[in-house]
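> So the mapping is simple: the numbering used here equals the position in the sequence shown, first residue as 1, plus 17.
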Amino acid sequence: KILLAAFGVVAGVLHRRRRQWVLFLLLTTIVTGLLAIGPNLKLGDFQPWWMLGKWIPGISQVRNVFRFVYLTQMATILLGITGLSELWLHMRARSWRPITAAIVVNLVALLALAEVAVLKLVLAGVPDLSRHHGWTEFVKRHTPDGKGIACLPFPPGTRAADFDSTARWMYLGSLHGVPMINGYSGFFPPSYLKFQAQINKEGLSENILSQLAAMKTHFIVVHSIYQASIPDRSVLHSQFQLQLVHADAIGIRVYELVTSVTKSGSAD
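(1) Just to confirm, are I166 and M187 a CB contact at a threshold of 8 Å?
(2) Enumerate, from N- to C-terminal direction, the unbroken alpha helix (DSSP H) stretches of 4 or more residues contained entirely within the stretch 193–222.
(3) Excluding the five sequence neighbours on either side, which residues of its own chain have a C-beta within less than 6 Å of the C-beta of T49, listed in chain order?
(4) Identify whether D97 lies in helix, strand or coil by the three-state DSSP scheme.
(5) Closest to I19 by CA distance: which of G97, F41 and A134 is it?
(6) When you compare each of Q258, V79 and D145 to Y201 by their alpha carbons, which one comes out closest?
(7) Based on the DSSP secondary-structure assignment, which residues constitute the bridge partners of E273?
(8) Figure out for me which residue from F171, V239 and V262 has the closest Cα to the Cα of K211.
(9) Can you grab the Cα-Cα spacing for the pair T45 / G61, in whole Å?
(10) Roughly how many angstroms lie between the CA atoms of G194 and K164, to the nearest whole one?
(11) Can you give me the start and stop residues for the beta strand (DSSP E) that A167 sits inside?
(12) How many whole angstroms separate the CB atoms of V156 and V275, which I take to be in contact at a CB cut-off of 8 Å?
(13) Would V82 pass as a contact of F205 if the rule is Cβ separation under 8 Å?
(14) Excluding the 5 residues preceding and the 5 following A230 in the sequence, name in chain order all residues of the same chain whose CB lies nearer than 8 Å to its CB.
(15) Please classify L100 as buried or exposed, where buried requires at least 16 other C-beta atoms within 10 Å of its C-beta.
(16) Out of curiosity, what's the CA-to-CA distance linking M68 and P207?
(17) Run through the stretch 54–105 for me and flag every whole alpha helix (DSSP H) of 4 or more residues, listed as ranges in chain order.
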């Protein structure tokens, strides 16, 4: 496909009627390919993505920057088709028989089509939303404006499979609509990855609870597989307490993050 696209660029530029169209597709390929790299594109200490985010509305809000590559792939395919068309014209100009030229062009097209094998479709089950109305409704009604929730456990690593539980928490977020401090995206700021590593190492330590409080976390929603660490840790903290405010029959508990003592020594 890339060889066909490259041939399409060269032949298309030489073809006056197609020159503008081919240059447009080439520019689309280059620009969207660079955009798909996102913050990972670095020129020394300079990261073009963040500069674009300051000047172009919406760029800084893009969650999955790698999806720009869809436009790269589309432009590459169209350039490949242009290459096939130019190949046909080139052979006809050299007096190839129509049937022979058609056979060659179609064989090249089939080769490009079969170049990448179709991946096996993998299906994953999704949570039954009807079973989660209890705790999601509680969170929806009792989370103050400007506050959010944290859902545990956090991903154990940075592989795509590690974010399965996070994807499920985000799916359940469609019920309560409350901001979550943990989610996933096309890229992560270093601060998130650092916090993820800390919470997996320390659990709900006072340091972690302090950071959660700074992130305006009101509730901590805990799945049953993580609940063993909650009771002991919640009574040992001098500044923070985790108060159980809702227990769901499906094994999910909601804890309120409470600042027990302020710096002046008074209770909240």
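Each residue gets a CB set at the ideal place from its N, CA and C atoms; glycine is no exception.
In brief:
(1) To locate residue 166, count along the sequence shown from 1; it is residue 149. To locate residue 187, count along the sequence shown from 1; it is residue 170. No, these two residues do not count as a Cβ contact at 8 Å.
(2) 207–219
(3) In the sequence shown, the residue the question calls residue 49 occupies position 32. Result list for T49: F85, L88 and T89, in chain order.
(4) Within the sequence shown, numbered from 1, the residue matching residue 97 stands at position 80. As written in the sequence, residue 97 is Gly, which differs from the Asp given in the question. Three-state DSSP puts G97 in a helix.
(5) As a first step, residue 19 must be located in the sequence shown, where it is residue number 2. When only C-alpha atoms are compared, the closest one is G97.
(6) Here residue 201 refers to the residue found at position 184 when the sequence shown is read from its first residue. Selected option, being the one with the closest Cα: V79.
(7) As a working mapping, residue 273 is identified with position 256 in the sequence shown. Bridge partners of E273: F236 and Q260.
(8) Within the sequence shown, residue 211 is the residue found at index 194, counting from 1. The candidate whose alpha carbon is nearest that of K211 is F171.
(9) In the sequence shown, counting from the first residue as 1, residue 45 sits at position 28. In the sequence shown, counting from the first residue as 1, residue 61 sits at position 44. If you take the alpha carbons of T45 and G61, they lie about 25 Å apart.
(10) Here residue 194 is taken as the residue at index 177 of the sequence shown, counted from 1. Here residue 164 is taken as the residue at index 147 of the sequence shown, counted from 1. Between G194 and K164, the C-alpha separation is close to 12 Å.
(11) Mapped onto the sequence shown, residue 167 falls at position 150. Residues G165 to L169.
(12) Start at 1 with the first residue of the sequence shown, and residue 156 comes out as number 139. Start at 1 with the first residue of the sequence shown, and residue 275 comes out as number 258. No, V156 and V275 are not in contact; Cβ-Cβ is about 16 Å, not under 8 Å.
(13) Along the sequence shown, one-based indexing puts residue 82 at 65. Along the sequence shown, one-based indexing puts residue 205 at 188. Result no, Cβ atoms of V82 and F205 do not sit closer than 8 Å.
(14) To locate residue 230, count along the sequence shown from 1; it is residue 213. The residues are F257, L274 and T276.
(15) Here residue 100 is taken as the residue at index 83 of the sequence shown, counted from 1. Reading off the sequence shown, one finds Gly at residue 100, where the question assumed Leu. Burial call: buried.
(16) Along the sequence shown, read from residue 1 onward, the residue named residue 68 stands at position 51. Along the sequence shown, read from residue 1 onward, the residue named residue 207 stands at position 190. Rounded to whole angstroms, M68 to P207 spans 18 Å at the Cα level.
(17) 65–72
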